[in-house]
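*Asks:*
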Amino acid sequence: MSHVPPDSTSGAEPGGPTGAPNDPLRSILQLLRPPGWVIDELQNKLVLFLNHVLQQEPAATERLRRQAGKPLRVQWGDFHLCVAPTRAGLLERVDPVQHPPELTVSLTQASPAELARRVLSGEKPAVDIQGDVQFAAEVAWLVDNVRWDLEEDLSRLIGDAAAHTLVGFARQAAQAIKGFAARMPRPPGTGGGAGQ
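Going by the UniProt record's numbering, the sequence shown opens with residue 1, and the numbers climb by one from there.
(1) According to DSSP, which residues form a beta bridge with Leu-107?
(2) From what residue to what residue does the beta strand (DSSP E) around Ala-60 run?
(3) For Gln-175, count neighbouring C-beta atoms within 10 Å of its own C-beta (all shown protein chains included) and say buried if the count is 16 or more, exposed if not.
(4) According to DSSP, which residues form a beta bridge with Leu-81?
(5) Distance, Cα to Cα, Ala-59 vs Leu-32?
(6) Select from Gln-130, Glu-92 and Ala-116 the residue whose C-alpha is nearest the C-alpha of Lys-124.
(7) Rounded to a whole number of angstroms, what is the C-alpha to C-alpha distance between Gln-56 and Ala-113?
(8) Starting from the C-beta of Gln-109, find all residues in its chain whose C-beta is less than 6 Å away, skip the five residues before and the five after it, and write them out in chain order.
(9) Please classify Gly-179 as buried or exposed, where buried requires at least 16 neighbouring CB atoms within 10 angstroms.
(10) Give the secondary structure of Glu-92 by DSSP, where H, G and I count as helix, E and B as strand, and everything else as coil.
(11) Let's test the definition: count the other Cβ atoms within 10 Å of the Cβ of Asp-40 and tell me whether it reaches 16, buried, or not, exposed.
(12) Measure how close the beta-carbons of Leu-46 and Lys-70 come, nearest whole angstrom, since I'm counting them as under 8 Å.
(13) In whole angstroms, what separates the C-alpha of His-52 from that of Pro-185?
(14) Please name the residue, chosen from Asn-44, Thr-61 and Val-146, that lies closest to Thr-86 on a Cα-to-Cα basis.
(15) Among the residues of its own chain, which have a CB less than 7 Å from the CB of Trp-141, if the five just before and after it don't count?
(16) Using the three-state DSSP reduction, which class does His-99 fall into: helix, strand or coil?
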């Protein structure tokens, strides 16, 4: 007798709903699926990180205050995270059963490799957004305008000069990776034609 986790994709067509056949990276990631408590802890750390970034942007926390209590679900394949803005303009995790999402943002790119390629080349990943229009507009503003100031955070730990040097090296490495990703051939049907 075999045990199948409740969120298993068994019985689904190869590659999931997008029909991407046998993506090797996706297969490896499914084999390496961490236990539930690890996923839970990683989601807690992600929310802490997001709140750290939001606290550096007063306009962002003000926008989130206006949406306090409205649950948001972010989904990519089997991964999902439900959060809601607080009255302080930060995020807290919520139970999606007790707090049905008013807005759902789904990353539609099934392949982790293709998603990474898009992000590294500076493209925004394809998303499907459903729900509260005003809440969606606020989330879109956050995505477009809130950035993590890595150099500022590092300068508190290692000093201004060292942080500036380290971030400069990281930017050069990121540019090299973006250039490499941009030269990678795109799989057929991913919209990589001219004008994209």
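For each residue, glycine too, the CB sits at the ideal point set by N, CA and C.
Here the structure is a predicted model, which is why all the values come from computation and not from measurement.
*Replies:* Let me spell this out:
(1) Val-127
(2) Taken as a continuous stretch (DSSP letters only), Ala-60 belongs to no beta strand (DSSP E), being part of the alpha helix (DSSP H) at 58 to 65.
(3) Result: exposed.
(4) Val-74
(5) 39 Å
(6) Ala-116
(7) 31 Å
(8) Leu-115, Pro-125 and Ala-126
(9) exposed
(10) DSSP places Glu-92 in strand when its eight states are reduced to three.
(11) exposed
(12) Not a contact, Cβ separation roughly 19 Å.
(13) 37 Å
(14) Thr-61
(15) Arg-63
(16) coil
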